[in-house]
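Contents: one structure, followed by commentary.
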Amino acid sequence: MSRLQQFLYGGRDSIPMIVGILPFGLIYGALASLAGLSLGQALGMSLLVYAGSAQFIAISLLTLGSGAAVILLTTLVVNLRHVLYSAALQPYIGKLSQRWRVPLAFGLTDETFAVVQRRYLARGMTEHGQWYHAGVALALYLSWVSSSLVGALFGQSVPNLAGWGLDFAMLATFIGIVVPALRNQPQIAAALVAGAVALLCHAWPYKLGLMAAALSGIAVGVWLERCKTPVTVEEGA
Amino acid sequence: MDIWLLILGMALITFAIRYSLFAFPDMRFPPLVRQGLQYVPTAVLSAIVLPGMLIPDGQQWAFSLDNAYLLAGLATIAIAALTRHLLATIGGGLLVFFVLRGLLGQLPL
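Residue numbers (our numbering), protein chains in the order written: chain F, 526 to 762; chain Z, 4 to 112.
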């Protein structure tokens with residue numbers, strides 16, 4: 526497959542995520558201008574930070590009058606889950622040059638990870654495979670930035686944007702990725718435990734419940750896998 | 004407070020986290036970690052999906068028959084299990100979701 530084909534397939538596979546991202550971007554833009562950020566600042570945050578949950582929380586902390594240190598620390602904690610993505614993709618991305626690693630790291634959001642890990646898992650790093658990743662990352666980045674801009678400009682006049690429930694597109698996509706991956710007992714247990722812990726800890730601040738849920742699911746999956754197939758001596762060394 | 008400095012700080016922190024393990028391309032993870040990484044997508048996505056279905060507004064449990072997120076989510080899981088096809092899952096799931104929202108009178112029309 527040529528670079529252009531890979532790139533376009535990446536864009537195509539991002540479409541369901543874009544449907545889910547657009548309303549969030551619009552709402553972010555509207556909230557940012559309500560919080561007193563200028564158009565440039567509201568857009569600049571989406572262009573430079575590019576982390577939806579952290580941006581939402583930063584805006585609400587700014588509205589509450591929190592200091593910069595609190596907001597920066599919150600950004601760190603909220604985005605900690607991305608370490609897991611960085612680690613999971615490192616075997617593929619690590620082989621690429623710095624010129625690729627830097628922009629692909631910049632674009633490593635929840636949505637980008639969900640789309641590209643599926644591709645890497647199915648095919649590994651193919652020839653020009655990084656162009657697929659670039660297609661996904663660019664399509665999702667442009668969706669976030671452009672919807673933030675429209676939200677900052679017109680968001681306050683769009684009626685009941687949140688009422689449509691477009692965020693279900695993202696849930697449907699995640700379900701479509703997870704369910705076929707539940708091929709064995711450890712994967713099923715990991716999904717159930719992570720989901721249950723996320724529900725129990727949903728009130729934890731700063732997405733820490735999500736982090737706890739992910740780590741619990743991973744731990745249970747690994748534990749069950751090791752119970753079924755005892756570790757050999759050389760593997761355990 | 005200078006908003007632009009804050010934005011730059013947030014950008015640097017976010018990038019550093021995402022780049023963290025790409026900075027060590029030659030590092031090989033120990034077997035335990037490699038095993039664990041295979042569960043990252045399942046664990047993270049499940050941890051987003053289940054609360055999205057049962058606590059759709061992020062605040063209140065909605066364990067009820069007028070919760071389209073829950074009902075359509077269950078239908079989507081069934082479609083995914085039967086078809087194992089991503090686009091069919093997304094398309095079918097969204098269709099069920101919006102039909103349900105329409106029937107329940109939850110669309111802002």
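We treat Cβ as the ideally placed atom computed from N, Cα and C, and that holds for glycine.
In terms of residues, what are the limits of the alpha helix (DSSP H) holding residue i?
{"i": "LEU717/F", "result": "710-725"}
{"i": "HIS607/F", "result": "607-618"}
{"i": "ALA738/F", "result": "733-753"}
{"i": "ALA19/Z", "result": "6-22"}
{"i": "GLY39/Z", "result": "34-40"}
{"i": "ILE58/Z", "result": "No alpha helix (DSSP H) holds ILE58/Z; DSSP gives it neither H nor E."}
{"i": "TRP64/Z", "result": "Where TRP64/Z is concerned, there is no enclosing alpha helix (DSSP H), given that its DSSP letter is neither H nor E."}
{"i": "GLN566/F", "result": "564-573"}
{"i": "ASP538/F", "result": "528-538"}
{"i": "SER673/F", "result": "654-679"}
{"i": "ASP635/F", "result": "635-648"}
{"i": "SER578/F", "result": "577-589"}
{"i": "LEU707/F", "result": "Segment: none, LEU707/F is in no alpha helix (DSSP H) and carries neither H nor E."}
{"i": "THR124/Z", "result": "No answer is possible for residue 124/Z: the residues shown for chain Z start at 4 and end at 112."}
{"i": "ALA91/Z", "result": "89-106"}
{"i": "ALA593/F", "result": "593-603"}
{"i": "ALA728/F", "result": "Unbroken run through ALA728/F: none, as it is neither H nor E."}
{"i": "TRP689/F", "result": "No alpha helix (DSSP H) contains TRP689/F, which DSSP labels as neither H nor E."}
{"i": "PRO111/Z", "result": "Here PRO111/Z belongs to no alpha helix (DSSP H), and DSSP marks it neither H nor E."}
{"i": "ARG626/F", "result": "623-631"}
Cβ closer than 9 Å: which chain F residues qualify as neighbours of residue i?
{"i": "PHE100/Z", "result": "GLY690, PHE693, ALA694, LEU696 and ALA697"}
{"i": "GLY108/Z", "result": "Simply none; closest approach about 12 Å."}
So residue i contacts chain Z; which residues on that side make the cut at Cβ distance below 9 Å?
{"i": "VAL608/F", "result": "ILE20, ARG21, SER23 and LEU24"}
{"i": "ARG626/F", "result": "TYR22, PHE25, ALA26 and PRO28"}
For residue i, go through chain F and note every residue whose CB falls closer than 8 Å to its CB, in chain order.
{"i": "ALA65/Z", "result": "Result: empty, since nearest Cβ-Cβ is about 12 Å, beyond 8 Å."}
{"i": "LEU11/Z", "result": "LEU573"}
Which residues in chain F have a C-beta closer than 7 Å to the C-beta of residue i? List them in chain order.
{"i": "GLY55/Z", "result": "LEU696"}
{"i": "LEU97/Z", "result": "PHE693, ALA694 and ALA697"}
{"i": "LEU48/Z", "result": "ALA639, PHE699, ILE702 and VAL703"}
To the nearest whole angstrom, what separates the beta carbons of residue i and residue j, a pair I think is in contact under 8 Å?
{"i": "PHE679/F", "j": "ILE51/Z", "result": "Between ILE51/Z and PHE679/F the Cβ distance is about 29 Å, and since that is not below 8 Å, they are no contact."}
{"i": "ALA694/F", "j": "LEU97/Z", "result": "6 Å"}
{"i": "TYR534/F", "j": "TYR617/F", "result": "Their Cβ separation, rounded to whole angstroms, is 16 Å, which puts TYR534/F and TYR617/F out of contact at 8 Å."}
{"i": "GLN655/F", "j": "TRP625/F", "result": "5 Å"}
Run down chain Z in chain order and give the residues with a C-beta less than 7 Å from the C-beta of residue i.
{"i": "THR600/F", "result": "MET13, ILE16 and THR17"}
{"i": "ILE618/F", "result": "PHE25"}
Any beta carbon of chain B sitting closer than 7 Å to that of residue i?
{"i": "SER673/F", "result": "Chain labels in this structure do not include chain B; the protein chains are F and Z."}
Give the residues of chain Z in contact with residue i, contact being defined as C-beta atoms less than 8 Å apart.
{"i": "SER668/F", "result": "Under the 8 Å cutoff, chain Z gives no residues; its nearest Cβ is about 16 Å from SER668/F."}
{"i": "ASN709/F", "result": "Chain Z residues near ASN709/F: none, gap ~11 Å exceeds 8 Å."}
{"i": "ALA613/F", "result": "LEU40, VAL43 and PRO44"}
{"i": "ILE582/F", "result": "The premise fails here: ILE582/F is roughly 10 Å from chain Z at the closest Cβ pair, so nothing lies under 8 Å."}
Practice prompt. Please list the residues of the stretch 77-92 of chain Z that have a C-beta atom closer than 7 Å to any C-beta atom in chain F, keeping them in chain order.
Written response: Residues of the stretch 77-92 of chain Z with a Cβ closer than 7 Å to any Cβ of chain F, in chain order: THR79, ILE80, ALA83, ALA84, ARG87, LEU89 and THR92.
Worksheet item: According to a CB-to-CB cut-off of less than 9 Å, which residues of the stretch 26-39 of chain Z neighbour chain F?
Response: ALA26, PHE27, PRO28, ASP29, MET30, ARG31, PHE32, PRO34, LEU35, VAL36, ARG37, GLN38 and GLY39
Worksheet item: Is there contact between the stretch 695-707 of chain F and the stretch 638-647 of chain F, where contact requires at least three CB pairs shorter than 8 Å?
Response: yes
Worksheet entry | Contact list for the stretch 723-750 of chain F against chain Z, Cβ threshold 7 Å | ALA723, LEU724, HIS727, LEU735, ALA738, ALA739, GLY742, ILE743, GLY746, VAL747 and GLU750
Practice prompt. Give a yes or no on contact between the stretch 99-110 of chain Z and the stretch 71-79 of chain Z, applying the rule of three or more CB pairs nearer than 8 Å.
Written response: yes
Worksheet item: Is it a yes or a no for the stretch 730-746 of chain F touching the stretch 42-55 of chain Z, going by three-plus beta-carbon pairs under 8 Å?
Response: They touch, by the three-pair rule.
Fill in: Cβ contact (3+ pairs, closer than 8 Å) linking the stretch 597-617 of chain F and the stretch 726-733 of chain F
Yes: the two stretches touch, three or more of their Cβ pairs being nearer than 8 Å.
Worksheet item: Is it a yes or a no for the stretch 12-23 of chain Z touching the stretch 606-626 of chain F, going by three-plus beta-carbon pairs under 8 Å?
Response: yes
Worksheet item: Would you say the stretch 553-564 of chain F touches the stretch 706-726 of chain F, given that touching needs at least three Cβ pairs under 8 Å?
Response: no
Worksheet item: Are three or more beta carbon pairs between the stretch 537-544 of chain F and the stretch 656-668 of chain F nearer than 8 Å?
Response: yes
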